[in-house]
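For the sequence shown, this note's numbering begins at 239 and goes up steadily by one.
Using N, Cα and C, we set each Cβ at its ideal position, and we do this for glycine too.
From a predicted model like this one, the values you see are computed outputs, not experimental measurements.
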Amino acid sequence: MNTDIRRLLEGVSDGSVSIDDALLKLKIKPFEDIGYAKVDTHRKLRQGTAEVIYGAGKTPGQIIGIIESMLKNGQNTILITRLAEEAAAVVGEAYSINYHKDARCGILGQMPVPDGTGKIVVATGGTSDIPVAEEAALTAAVLGNEVVRLYDVGVAGLHRTLAHLDEIMSASVIIAIAGMEGALASVLGGLADCPVIAVPTSVGYGASFGGLSALLAMLNSCASGVSVVNIDNGFGAGYLANMINHMN
């Protein structure tokens, strides 16, 4: 999974990288302390995926400072999740970001060329689940994956799901996003031969308890190969799907 370390070691092996240069790369300070944040500059080298900014609760000034640190330390593509529209406008005055309002995500820099082993399918039960789905899809795309979106294919009209069997059956990973009773994850888990990551959403009427009903239903899925992340956690699902899709 950690392609950066592998490339570094391969470079030493084939002579394209000197031992001194490799040591310097590994000895660089693993984080930068900017007072209100300790920016993890070694995360990509250590885990294969660079630092991501969680925007909620941070001031625009703090986000700008973290971006400055990341850029200084060689991170070219930066994802900011849970970024409010007002904060995005302020950050956008300092750095050119592509803001996705539905997903509440900002992206700075070029999107990478997909290099995963296959396709990640992001499917939603309904249109109301799209904001969480877009957070998952954008996360996966920023991390270098080809993403296929299947929106509003919930089990209230099962024919809508079955109309996409080709995409479902050819996926490397599926992210199933649904509120209400969360049944979509079980249906997809029973159709596909790949891992299914279930994301309960806080969509539904009173007895859905803000997504708790969907969460419990997904945790109790009778379909094998279904894992579950927290309510509305599109980022976590996209990140996990990326890890699976980059396993050799």
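- In the DSSP assignment, P438 forms a beta bridge with A416.
- Secondary structure note for T377: it is in no beta strand (DSSP E), and the uninterrupted alpha helix (DSSP H) holding it is 368 to 380.
- From the listed residues G273, M456, G312, the smallest Cα separation to I301 is found for G273.
- No Cβ-Cβ contact shorter than 8 Å links I368 with T377.
- I318 is not a Cβ neighbour of G295, given a cutoff of 8 Å.
- In the three-state reduction of the DSSP assignment, E384 falls in the strand class.
- Looking at S307, D278, V328, A455, the one whose alpha-carbon comes closest to that of E419 is A455.
- A residue is called buried when at least 16 other Cβ atoms come within 10 angstroms of its Cβ; E289 meets this threshold and is buried.
- Under the three-state reduction of DSSP output, K276 falls in the strand class.
- Here DSSP, grouped into helix, strand and coil, assigns T399 to helix.
- Annotated as distal: S424 and V370, with beta-carbon spacing of 8 Å or more.
- The C-beta distance from R387 to A375 rounds to 6 Å, short enough to meet the 8 Å contact threshold.
- In this structure, I482 sits away from A409, with a CB-CB distance that is not shorter than 8 Å.
- Within the same chain, P369, E372, E373, L376 come within 7 Å of A341 by CB-CB distance, once the 5 residues on both sides are set aside.
- With 16 or more neighbouring CB atoms inside 10 Å of its own CB, C432 falls in the buried class.
- Of the other Cβ atoms in all chains shown, fewer than 16 fall within 10 Å of the Cβ of I257; this residue is therefore exposed.
- In this chain, the alpha helix (DSSP H) harbouring G330 covers 323 to 332.
- A361 is bridged by DSSP to L388, A414.
- Taking C-beta atoms as the reference points, I316 and G347 count as a pair closer than 8 Å.
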